[in-house]
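Engineer:
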C-alpha cells in the first residue's frame, strides 16, 4: 500500500511539468476559496449578532449567507397571513427592519429599515415593541450615527465571478 502511494506521488511530481500540477493547484485554490468563504460567513454572522443582538437566528443566518431577500419574503408571508396573531405579524415586520438596518450585507438600507419600522408603528400601535421601534427610528434618523460597515474578505472579491443563485 505504501509503495503505491509513493509511486502515485512520484508520478504526480514527474507529470507536474505536463500540466497535472496546474490541475492540482486549481483544486487547492478552490478548496482555499471554500474555506475562506466559510470563514467569511462565520465572521459575518458574528459581526451581525454583535451589532444587533435582537435579530433572531433565522435573520442572522439569512444575512450571513446573503439570503436577505429570501428572508424578507418569508417574513412578509408571515405578516400578510391575517390568521397569525398581531404580535407575530409585528415581529415579522420588525425583523425585516432589523435586517435592513444592520450594515453587514449588500442589501443594507436605512430607508428600507425605516419603512418597516414605521409600518410596525402604524399598523400595530399597541404593540409591546413600539418603544423599541421608536428608538430604532430615532437611531436611523440621527446623522451622527454611522455604523461600522462589515468588509468581506478581500480574497472573495474575485472579478468576473458568476452571481450566486
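In UniProt numbering, the protein residues as written are 1 to 165.
Note that beta-carbon positions come from the ideal geometry of N, C-alpha and C, so glycine has one too.
Hey, would you say residue 68 sits closer than 8 angstroms to residue 99, going by beta carbons?
Structural biologist: In this structure, residue 99 lies closer than 8 angstroms to residue 68 by Cβ.
Engineer: With residue 117 as the anchor, note down where its alpha helix (DSSP H) starts and where it stops.
Structural biologist: Residue 117 -> alpha helix (DSSP H) spans 110-123.
Engineer: So, helix, strand or coil for residue 59, using DSSP?
Structural biologist: The answer is helix: DSSP assigns residue 59 an H, G or I state.
Engineer: Starting from the N-terminal side, write out each stretch of the alpha helix (DSSP H) that is 4 residues or longer and does not extend beyond the segment 74-107.
Structural biologist: Here the runs fully enclosed are 86-101.
Engineer: Could you pull the start and end residues of the alpha helix (DSSP H) that residue 135 belongs to?
Structural biologist: Element bounds for residue 135: 130-141.
Engineer: To the nearest angstrom, how far is the alpha carbon of residue 128 from that of residue 134?
Structural biologist: Spanning the two alpha carbons is a distance of roughly 11 angstroms.
Engineer: Let me know the secondary structure DSSP gives residue 64 once reduced to three states.
Structural biologist: Correct three-state label for residue 64: helix.
Engineer: Go ahead and label residue 138 buried or exposed: buried means 16 or more other beta carbons lie within 10 angstroms of its beta carbon, across all protein chains shown.
Structural biologist: Exposed.
Engineer: Go through its chain and collect everything with a Cβ distance to residue 59's Cβ below 7 angstroms, but skip five positions before and after it.
Structural biologist: The answer, listed in chain order, is 71, 95, 98 and 99.
Engineer: Using the C-alpha atoms, what's the distance from residue 130 back to residue 124?
Structural biologist: Each residue's Cα considered, the two are about 8 angstroms apart.
Engineer: Residues in the same chain with beta-carbon distance under 6 angstroms from residue 92, minus the five sequence neighbours each way, listed in chain order, please.
Structural biologist: Excluding residues within five positions, the ones whose Cβ falls inside 6 angstroms are 75, 78 and 79.
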